[in-house]
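Down below is the structure, laid out as C-alpha cells.
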Amino acid sequence: MKIITKNIVFLFALLFIVSGCNEDFLDVDKMDEYEVADSETVTPEQMVNGVYGYLTDWTYAFSYLGVTEIISDNADKGSSSTDTGADKDVLDELTFTTSAGSILAVWQTWYKTIGRATIAINYTENYGLTDDSYKERLIGEAKFLRALHYFWLVRSFGAIPLQHIDYTERQPVAEVYAFIEQDLQDAIDALPVKSGYDADNLGRATKGAAQALLSKVYLYEENYQAAYDMANSVISSGEYSLESDYATLWRESTENGVESIFEVQARGEVVAHGVQQYSQTQGVRGQFGWGFNVPSQNLLDAFNDAGDDIRRDATIIFAGELMWDGTQIISNPENPMYNEKAYSSANGGSGDTDKNIRMIRYAEVLLIKAEAAVQLGLDAATPLNQVRSRVGLSDITSPDLQDVWNERRLELAFEHDRWFDLIRTGQAPSAMAADGKTFVTGKHELFPIPNNQLTQTPEMEQNPGW
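See the structure below:
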C-alpha cells in the first residue's frame, strides 16, 4: 500500500507540530491549529494517510500486546524471568496499578490518533476539494479510524471523554457508542467497497470494514439484531471469503487477500516499513526476538482438547520446529512456545516488521453472526461451521454460546481480542482462576484511568476499584 508510507516522515513531522508537542492531548481544539499555508504543500489525502501511519507506532508493538493478550489466559509474559518488559509482568499477573506504563501508552496513543483523525476531517472539509465523492471518501476513512480508536478506548476504560465535547469530562458509555455508530454509518455511506480500490490503494478503509466494525460494536452493545444484520451485509456483499488454508493467513501471500477486511499496512515504498518491532518483540528469544507475549499452556490445552491441530500449529511456534519457510527454530529457547502470527519470514527480527497486521477478518464476521444468531434463536450452525470446516473440525449441529465463544478463542488467538471477549461475555473470573490469576469483580472489568491523566485533569473520576 504505497499511499501509507509515501511522505510519511513529513506528515508525522507536521502532525507532531500541530498536536504532539501539546501535553493536553485530549483537547481537540488546541490540536486543530494548522496554518492555511499548509494547504499549499499538504493535501487532504496526505493528512488522512498520516492517521493510518500512526497505527505503526511503537505502542502497537509492545504496550498493546500487554493490555490485549499478555493480560489474558491466552498468553504469558514470556521473555526471561528478569525482563519485566516495564510492566508486562504485572499485567500478566493481574497485579498492575494506575501507574502501569502500557495502560498510559495506549490511552495517550489512541487519543492522539483520534485527534489526528479529527484534524484530517476538518482539514479535508475546509480544503476546497471540488470532487465531492473523493472528499467524502477521505472523510469517511478518517471517521472509520476515529471510530476504531474510540471503540478500543470505550471497551478498555468505559466512560471516556469525547474530544469534541469536553476533554475533562467522561461521557456515558451509551453516548460514546452512539458517536462511534454515527462515525461508522457516515463511513459506510461514503466509502467504496474493497473491489472499488485499485492495487495502489488496497488497505484503505472500505465500506465492508466499516460494516464489520459496526457489527462488532453492536455485539458489544448487546444489540444482537443489529449485529446480525450488519454482519449479513458484509457476508452478502460478495467482497470476502475464507482463505482455503488457515496457516497462510499471516503470510505476505495473503496480505489484503480475500479474507482481509482491514489490516495495518506494512509494505510501501520503504521496504519493511511497518509496525515498529511488532515481530521482534514477539520473536524467538535468543534467535531473532525478545520473546514476549508467548502462548500459555492454557491456550495449548484448549487447542489440544478441541483436536484443533491446524490452528494450533499455525498459531504456536514450538522449540525446535522447522518453520514453513525453512527457518529452523533453536531447540532450547528461553520459552517453549512463541506467537507464530507475529512471525516475520523476511525480516528475521529487524526493527520494523515487513508484514501487515490483520485487524478484522471475514472469519470474525461469521463468528459475530453466529453469536448474534444464538442470542436471537436463529441459525448459528451455518456461519460457525464454515469457520470450523476450514480447519477440518466436525460440524456442531445446535451450537450454544459457549461453542461460539470457544471458537472465537481458537480462531482469533493472538489477534488482540481475547481479554475483551472474556470481559464482554462474563467469563473473566472463571477463566482467570483457571489460569492461576485473581480477577477482582467490580475492578478488573475496566482499566484504570492513568495517574498522569488524573494529574492533568483532577476533576476526571477514576474507575471503580482503582
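Going letter by letter, the sequence shown gives residues -22 to -1, 1 to 444 in mature numbering (1 follows the signal peptide of the UniProt record, and there is no 0). For each residue, glycine too, the CB sits at the ideal point set by N, CA and C.
Residue environment, residue i, which counts as buried when at least 16 other CB atoms sit within 10 Å
i: T73; result: exposed
i: K66; result: buried
i: I143; result: exposed
i: N(-16); result: Per-residue confidence for N(-16) stands at a pLDDT of 39, beneath the threshold of 50, marking its modelled position as unreliable; the derived number appears in the next sentence. Per the 10 Å Cβ criterion, buried.
i: V26; result: buried
i: G420; result: exposed
i: D395; result: buried
i: M315; result: buried
i: M301; result: exposed
i: S214; result: exposed
i: G235; result: buried
i: P428; result: buried
i: L354; result: exposed
i: G118; result: buried
Which listed residue (the options) has its alpha carbon closest to that of residue i
i: E439; options: T146, K66, A409; result: T146
i: Q306; options: G264, G56, N276; result: G264
i: G269; options: S57, E23, D51, I49; result: S57
i: A83; options: D51, S50, W130; result: W130
i: G370; options: I346, A359, D286; result: D286
i: E233; options: S367, R336, L107; result: R336
i: I346; options: N429, L278, P273, L192; result: L192
i: Y32; options: A350, P170, R94; result: R94
i: I401; options: G298, F135, S111; result: F135
i: S274; options: D61, S111, A409, F40; result: A409
i: Q90; options: G28, A297, T75, Q163; result: It should be noted that the sequence gives Lys, not Gln, for residue 90. The candidate whose alpha carbon is nearest that of K90 is G28.
i: Q166; options: Y321, L140, V212, R148; result: It is Ile, not Gln, that sits at residue 166 in the sequence shown. Among Y321, L140, V212, R148, the Cα nearest to that of I166 belongs to V212.
i: W228; options: T60, Q405, P407, A320; result: A320
i: S41; options: T184, S323, E159, T259; result: T259
i: E23; options: N430, D61, Y112, T76; result: Y112
i: M208; options: E119, T76, A348; result: A348
i: E159; options: I97, I99, N201; result: N201
i: Q163; options: S173, T184, Q149, S257; result: T184
i: D344; options: W444, F425, D279, A190; result: According to the sequence displayed, residue 344 carries Leu and not Asp. With distances taken between Cα atoms, L344 lies closest to A190.
Cβ shell of residue i (< 7 Å), same chain only, five flanking positions each side left out
i: E342; result: L390
i: residue 460; result: Outside the shown range of the chain (-22 to 444) lies residue 460, about which nothing can therefore be said.
i: Y340; result: Y218, S219, L220, E237, I239
i: K55; result: I48, G63, K66, D67, D70, F270
i: A292; result: Y224, A225, E318
i: Y155; result: V132, V195, E199
i: I92; result: R124, H127, Y128, Q141
i: N430; result: L82
DSSP beta-bridge partners of residue i
i: F122; result: For F122, which the question treats as bridged, DSSP gives no partner whatsoever.
i: A53; result: P273
i: L300; result: Q306
i: E241; result: R336
i: Y316; result: I295
i: I138; result: Q149
i: G267; result: R263
i: Q364; result: Paired residues: none, contrary to the question.
Sequence-distant residues of its chain with Cβ nearer than 6 Å to residue i (five each side left out)
i: Q434; result: none
i: L379; result: V352
Separation of residue j from residue i, as counted between CA atoms
i: F266; j: E312; result: 12 Å
i: Q203; j: V352; result: 11 Å
i: V132; j: V151; result: 7 Å
i: N276; j: D413; result: 7 Å
i: D399; j: R387; result: 9 Å
i: Y198; j: N52; result: 20 Å
i: V382; j: Y38; result: 28 Å
i: C(-2); j: T87; result: Bear in mind that the predicted position of C(-2) carries a pLDDT of just 36, short of 50, making it unreliable; the figure below should be weighed with that in mind. Those two C-alpha atoms are separated by around 13 Å.
i: V45; j: G79; result: 10 Å
i: A411; j: N317; result: 23 Å
i: L107; j: R289; result: 47 Å
i: R124; j: L43; result: 21 Å
i: G327; j: G261; result: Below a pLDDT of 50, predicted positions are generally treated as unreliable, and G327, at 45, falls in that range; the measurement from the model is reported next regardless. Each residue's alpha carbon lies about 7 Å from the other.
i: V20; j: A188; result: 26 Å
i: D109; j: P361; result: 40 Å
i: Q85; j: F417; result: In the sequence as presented, Gln is not what sits at residue 85; that position holds Trp. Approximately 22 Å between the Cα atoms of the pair.
i: R182; j: I81; result: 28 Å
i: G186; j: E230; result: 22 Å
i: T102; j: I295; result: 45 Å
i: R115; j: V171; result: 11 Å
i: A350; j: A205; result: 6 Å
i: Q243; j: L180; result: 9 Å
i: I308; j: Q141; result: 49 Å
i: D357; j: P139; result: 39 Å
i: I338; j: E385; result: 16 Å
i: D176; j: A168; result: 17 Å
Below-8 Å beta-carbon distance, residue i vs any chain E residue
i: A125; result: You won't find chain E in this structure, because it holds only one protein chain.
Spatial neighbours of residue i in its chain, beta-carbon cut-off 8 Å, leaving aside the 5 residues before and after
i: W36; result: Q254, Q255
i: D161; result: K121, F122, R124, A125, Y128
i: I374; result: A359, L362, N363, R366, D381
i: E437; result: T146, E147
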